[in-house]
Amino acid sequence: MDNLKELLLNFHAPGRRYSYYPALPSWKHKFTQDEVLSSMNLKEVDLYIHLPFCENLCTFCGCNIKVTKDRSQFKDYIDLILKEWKEYQTLSNELVINSIYLGGGTPTYLNETELNYLMEGIFKNVKVSENFKGTVESDPRVDQKLQLRALANYGFKNISLGVQDLDERTLSNVNRHQHTTDIFKTINTAREENFEFINIDLIYGLPFQTKKSFENTATKILELAPTSISNYPLAKVPWQTGPQNAYGIYEPLNVSEMYDLYILADDIFHSSGFSLLGMGHYSNLQEKQFRNIMGYTTNKTVDLLGLGVSSLSNVGDILFQREKILEKYMYNPFAEVIGHRKSEKEIRLEQLFHQVTCDHIITKSSLAKVIEEESLEKLEKTFSYLTNNGLLIDDKESYAISKDGKHFLRTICQTIENFS
0 MDNLKELLLN FHAPGRRYSY YPALPSWKHK FTQDEVLSSM NLKEVDLYIH LPFCENLCTF
60 CGCNIKVTKD RSQFKDYIDL ILKEWKEYQT LSNELVINSI YLGGGTPTYL NETELNYLME
120 GIFKNVKVSE NFKGTVESDP RVDQKLQLRA LANYGFKNIS LGVQDLDERT LSNVNRHQHT
180 TDIFKTINTA REENFEFINI DLIYGLPFQT KKSFENTATK ILELAPTSIS NYPLAKVPWQ
240 TGPQNAYGIY EPLNVSEMYD LYILADDIFH SSGFSLLGMG HYSNLQEKQF RNIMGYTTNK
300 TVDLLGLGVS SLSNVGDILF QREKILEKYM YNPFAEVIGH RKSEKEIRLE QLFHQVTCDH
360 IITKSSLAKV IEEESLEKLE KTFSYLTNNG LLIDDKESYA ISKDGKHFLR TICQTIENFS
């Protein structure tokens, strides 16, 4: 894979994941709750529900979380989520839930009674798609048999485990005291409760990770027989500077060493029958994959409605994010939200980025709709360079993204955006 390493180093650039467009930093508008509601025409929705509570802090984490052992606020928080949901339900008597994704935080930190209360409120007075997909994020350190049983009763069949690594020294350094037996136990429990789709999240670039230790992790997790794997680079995020400085004294991996770990895992996954979808996501399923903010899914994505603190919504031509500070959200969940109303061009660009990341193709007619002629000529020259490097295949009417090109979906999207 020397050629892939050379390509990765040549085209290396930090960037966004293009699961929605435009990116949050460019959002400047503030919407009132009335403006949010009047902008929507809800029929079928994918629900993202943010449950921020965790028992302990993992110092690598960049999520919006609340570390607490005080469970007394959980029901009050759920009540606010259900209050939000009821506001949206007033917009349509024919609302259909296509999917639910419980993210966090640690959703299974809530007990089965709390999850039942949440789900009962969500499913009340709505229809459910025949292809409903329910997914829950899971921390394998939590004893969660009863929680998974409760969710299975509502049709949940997908679980996403935050494994990150199997090396206990690496994990303890980031305050994650986790044993491999915890992971196998959680997977077995999930399967006993009829969960069919298992995703494993890994992080490469953690302090004290080595090629040998990460090779062991990437190989060992295949014994869990997951249906998908997400392999993310360690990300330094500005809102978690304090916790992430707690890594201690270590020599961070350079770009070349990071790609060594990435390629190592990529080889292992491919040799075990997994295909790269893009952005570090692998799957051994044959169905077509769609994509939204939560990642890839076999369900065709519809309007995304976020519930809870910091949740993102992408409905029609409007994007917005709820209050990011839990205490402020608890005080007023319907305060003004930061958001953006997409232009026609931005909607077309968003559709084009989904072509890239899901269909692995770029139709030239779609490019012509969002890029002016002079810029289009410059883009074609850049795409010619990508074609010569084996990332794209020019077949007259469109550009197909090659097997190697799937490692560079972010680069391809950035290139389109830069010329748009």
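Sequential numbering of the sequence shown, starting at 0, is according to numbering that gives the first Met the number 0.
Glycine included, each C-beta is placed from N, C-alpha and C at the ideal position.
Quick one: using the 10 Å Cβ neighbour count with 16 as the cut-off for buried, is residue i buried or exposed?
| i | result |
| --- | --- |
| residue 11 | exposed |
| residue 48 | buried |
| residue 176 | exposed |
| residue 168 | exposed |
| residue 238 | For residue 238, the pLDDT reaches just 40, beneath the cut-off of 50, and the residue's location in the model is therefore unreliable, although a value from the coordinates is still provided. It is exposed - the Cβ of residue 238 has fewer than 16 other Cβ atoms within 10 Å. |
| residue 402 | exposed |
| residue 139 | buried |
| residue 422 | Shown here, the chain extends from 0 to 419; a query on residue 422 therefore has no answer. |
| residue 367 | exposed |
| residue 242 | Because residue 242 sits at a pLDDT of 47, beneath the cut-off of 50, its placement in the model cannot be relied upon, and the following sentence gives the value as read from the coordinates. By the neighbour-count rule (16 or more Cβ atoms within 10 Å), residue 242 is buried. |
Would you please state the rounded distance, in angstroms, between the beta carbons of residue i and residue j? I believe it to be under 8 Å.
| i | j | result |
| --- | --- | --- |
| residue 232 | residue 204 | 5 Å |
| residue 332 | residue 79 | 5 Å |
| residue 133 | residue 153 | 6 Å |
| residue 147 | residue 188 | 6 Å |
| residue 390 | residue 407 | 5 Å |
| residue 144 | residue 193 | With 8 Å as the limit, residue 144 and residue 193 do not qualify as a contact, their Cβ atoms being about 13 Å apart. |
Short of 6 Å in beta carbon distance, which residues of its chain neighbour residue i, apart from the five on each side in sequence? Order them along the chain.
| i | result |
| --- | --- |
| residue 414 | 381 |
| residue 202 | 163, 231 and 233 |
| residue 166 | 212 |
| residue 98 | 45, 132 and 298 |
| residue 349 | 20 |
| residue 181 | 139 and 140 |
| residue 386 | 393 |
Taking 8 Å as the limit between beta carbons, can you name the residues of its chain near residue i, skipping five residues before and five after?
| i | result |
| --- | --- |
| residue 29 | 335, 336, 337 and 338 |
Please go through the same chain and pick out, in chain order, the residues whose beta-carbon is closer than 7 Å to the beta-carbon of residue i, but skip the five residues on each side of it.
| i | result |
| --- | --- |
| residue 273 | 228, 281, 282 and 283 |
| residue 410 | 10 and 12 |
| residue 357 | 288, 289 and 290 |
| residue 6 | 388 and 403 |
| residue 325 | 51, 65 and 308 |
Could you give the distance in angstroms between the alpha-carbon of residue i and the alpha-carbon of residue j?
| i | j | result |
| --- | --- | --- |
| residue 373 | residue 15 | 26 Å |
| residue 328 | residue 307 | 8 Å |
| residue 220 | residue 207 | 19 Å |
| residue 113 | residue 255 | 46 Å |
| residue 319 | residue 400 | 31 Å |
| residue 34 | residue 92 | 20 Å |
| residue 129 | residue 18 | 25 Å |
| residue 416 | residue 69 | 45 Å |
| residue 126 | residue 119 | 13 Å |
| residue 135 | residue 300 | 17 Å |
Say whether the region 17-36 touches the region 72-81, bearing in mind that this needs 3 or more beta-carbon pairs closer than 8 Å, one atom from each stretch.
no
Report yes or no: do the region 180-197 and the region 160-171 share at least 3 C-beta pairs separated by less than 8 Å?
yes
If we count Cβ pairs, one from each stretch, closer than 8 Å, do we get three or more for the region 348-363 versus the region 388-408?
yes
contact_flag[the region 49-63, the region 90-104] where n(CB pairs < 8 Å) is 3 or more:
yes
Tell me, please, whether the region 79-94 touches the region 251-262 by the rule of three or more beta-carbon pairs shorter than 8 Å.
no
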